[in-house]
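Heads up, the thing below is written out as structure tokens.
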Amino acid sequence: MECPMCAELYDEIIKIPRNLPCGHTFCEYCLKQILSLKSYLECPNCRRKFERNLQIDQLSKNYIALDLAIKQSQLQKKLHMCDKHFEFCLFFCEDCQLNMCMQCIASHSGHKFVKQQHSVYLLRERLDKANQKLNEFISIFEKENDIHLKNIDYYNQIQDTQVKKIEDHFQQIINELKMQKDLVIHEYKQNFDLFKTQVEFDIQLQASLQEYAQQQIQKVNELDLKLKDTKVVKNDLIVNQIEKIEEDLVKFVKEQNSKQQKVTQKLNIPELIFNSQIYENIKSTVLIQKINNPRICFFGNNNTVLQYDLKKNNWQIHYLNQINNAQQNYSFICQSFSASTTLQNGNILICGGGKSNEVYQISVHKREVKKLNSMHYARKEHSVLRLADNKILVMGGYNAIECKMLNNCEIYDFNSDIWTKVSKMHFQKCAFASCVNPQGDCVYTFGGFDGIKRLSIIEKYNNQNDLWEILPIQLEKPLSNAAAVSWKNANNEDFIFILGGGYDECFSSDVFSFKNDQISLFSKMDNGKDLRNKCIIFGNNLYTIGGNYHICEYLNLENKQWHQIESYQKQILDNLDCWSCAISFSLQEINIELDEFHEEEDMENMDNHYEKYKELYKMYVYDENQ
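Next comes the structure, spelled out in structure tokens:
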């Protein structure tokens, strides 16, 4: 790498390494210096002399020495000079994390050290690891940031919904107060009108009495004129007339004194006293509703109610004839292939079945049954759903009285207790899966049976414009007796799951995801099931019970893992094929008073206010740990 004469590194410009015929190598610069001093060229190493006409620049280059010199030169540019010995620091001490030269090695005895270029490699390797770790953190931060942004959107939606509920609630209070105000004013005016009428009557009576008094005065004056011209009264006529006038006068004076006393008395006008309690009864509150005692309920023959307690994870059985309906003039009989849905208050609405068009509201927890107005049509193997406005939509089914499939639909309003016919589905069918989307404004039906064949069509109903449409996509295969249910995950994504049901070969074990009008396979059950809309989502778990012997299981929708639960076969031997199903619960309502905020007093306690109310943020939800 270095010229033996000048001890400098070879290069490609001046210090070019040249091979002498003797085999020794020197730089071109040194050979030219020798040739300039002597008339011939002599090898400084072996002293061999060469021909006078030898051209130095024609000698061959030693490329191996040149390459080594170039690499050494590049390395030296990266090396530091030792401040103590003024030599290149060729090594790196791992223990002291310092560069060192050859002479420094003795002072680092026993330490671990490597060549300096190796230490750079290690440092770069450490930097690469650090960079990789930082990139991983950035990726995690980005994902967490996305989750936070989605949570903000979700919280904004919850806030908008709750603010709308609060506005509606207080508007209702305002409307009721206005009605009460109008009623009080009306009654008050009626009382005043009564007093005014009485006074006006007294005025009229006073006028008539005044007229009577004038008449009596006229009679007195007439008798007085007669007595002026009469010296002796010959009979009792005038005497009797005067006595009559005196008697009437005494009576008149008494009546006048009594009436005068009434006039001078203070009128007993009703006085309105507004107590502050009126205002204390109107409080700013936040309504928290927590779901308690959630149970999956199945309604079957002989008014049997089979219940699975989702908190205690056990089965119970009751009979509806034990439920209190003694005050009602009817007897409830649960029909086969009826349909059920969960109401907003945790009660269950059950309708139809067999040849029935009757509708009942059942409170499983209070053990009460209430009969509602009947549907227009008898239905079985139909579908019933609760919409976002708390109205009930009933669709299709089979009319066992007229022996025909139905595409008729009707909506029930709890406020009026009236069923209203709405637009018909495009297909007459029964045994179809159906569910409401998570927003509650659209209804989907999947497959079904039209009396001849199973269907694969998907229909969509828009509650806002009362229109049915057939979607351009279809199920992968015709299905009847399937189940459908909607779910919103933690990222605020909407899903509809279609699962089970029967097709030409056997029962389906597929669980399909229906999202953005696209169908994809989400999971598979171990066994095919004839579910008939008997599918419940509670939290992140999707429960399927019966439909194939006594198999009971649930799917965790987050990790897509299936889990077995206790079977109901100890309570009843049935695959629940003709039973209807819905979830029942009770609501615990908590009114939280919103403290009046005083800036001077409460600014220091803002954190306490925040901690107090942030726990109340999740409204109308259940607590799985409770």
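Going by numbering that gives the first Met the number 0, the residue at position 495 of the sequence shown is 494; the numbering climbs one at a time, nothing skipped.
Glycine residues also receive a C-beta, built at the ideal position from the N, C-alpha and C atoms.
- Counting other Cβ atoms within 10 Å of its Cβ, His168 stays below 16 and is therefore classed as exposed.
- Contact annotation, Lys390 with Tyr411: C-beta distance approximately 6 Å; criterion of less than 8 Å satisfied.
- Exposure of Arg47 is indicated by the presence of fewer than 16 other C-beta atoms within 10 angstroms of its C-beta.
- Look at Arg125 here: in three-state DSSP terms it is helix.
- One alpha carbon belongs to Gln75, the other to Leu89, and they sit about 9 Å apart.
- Each residue's CA atom was taken as its position, placing Cys42 and Lys111 some 44 Å apart.
- The Cβ atoms of Ser512 and Ile495 sit closer than 9 Å to each other.
- Segment contact: the region 372 to 390 against the region 535 to 545, fewer than three CB-CB distances shorter than 8 Å; contact not assigned.
- Between the alpha carbons of Met178 and Leu342 lies a gap of roughly 29 Å.
- Buried is the label assigned to Phe445, since at least 16 other Cβ atoms lie within 10 Å of its Cβ.
- Annotation note: the region 505 to 551 contains the following uninterrupted beta strand (DSSP E) runs of length 3 or greater, listed N- to C-terminal: 509 to 514, 517 to 523, 534 to 537, 540 to 544.
- The DSSP-derived three-state label of Cys42 is coil.
- In this structure Ser455 is in contact with Leu478, their Cβ atoms being roughly 7 Å apart against a cut-off of 8 Å.
- Around the beta carbon of His381, 16 or more other beta carbons sit within 10 angstroms, so the residue counts as buried.
- Within its own chain, the residues whose Cβ lies closer than 8 Å to the Cβ of Ala399, once the five positions on either side in sequence are excluded, are Gly353, Lys354, Ala377, Lys379, listed in chain order.
- The Cβ atoms of Phe584 and Gly345 sit closer than 9 Å to each other.
- It is roughly 36 Å from the alpha-carbon of Gly450 to the alpha-carbon of Ile564.
- Beta bridge pairing from DSSP links Val113 with Phe91.
- For Gln32, the enclosing alpha helix (DSSP H) has its first and last residue at 27 to 36.
- A residue is called buried when at least 16 other Cβ atoms come within 10 angstroms of its Cβ; Val238 does not meet this threshold and is exposed.
- In its chain, beyond the 5 residues on either side, Met0, Tyr9, Pro16, Thr24 have a beta carbon closer than 8 Å to the beta carbon of Ala64.
- One thing to note: Tyr548 has its Cβ no nearer than 9 Å to the Cβ of Asn532.
- In this structure, DSSP gives Val238 a helical state, which the three-state scheme calls helix.
- Straight through space, the alpha carbons of Ser335 and Trp578 are spaced by roughly 6 Å.
- Taking 9 Å as the cut-off, the Cβ atoms of Lys459 and Asp493 do not count as close.
- Under DSSP, Gly450 shares a beta bridge with no residue.
- According to the DSSP assignment, Cys402 belongs to no beta strand (DSSP E), since it is labelled neither H nor E.
- Assignment of Lys225 by DSSP, reduced to helix, strand and coil, places it in the helix class.
- With fewer than 16 other beta carbons inside 10 angstroms of its own, Leu182 counts as exposed.
- Pairwise C-beta distances place the region 19 to 38 out of contact with the region 78 to 86, as fewer than three of them are shorter than 8 Å.
- At the C-beta level, Asn356 and His375 come within 9 Å of one another.
- Shown here, Gln473 sits in coil according to DSSP, grouped into three states, outside any helix or strand.
- Nearest to Pro3 by alpha-carbon distance, out of Lys452, Ile12, Glu27, is Glu27.
- In the DSSP assignment, Val358 falls within the unbroken beta strand (DSSP E) covering 358 to 362.
- The beta carbon of Leu319 sits closer than 7 Å to those of Asn302, Val304, Phe331, Cys333, Val368, all from its chain and outside the five residues before and after it, given in chain order.
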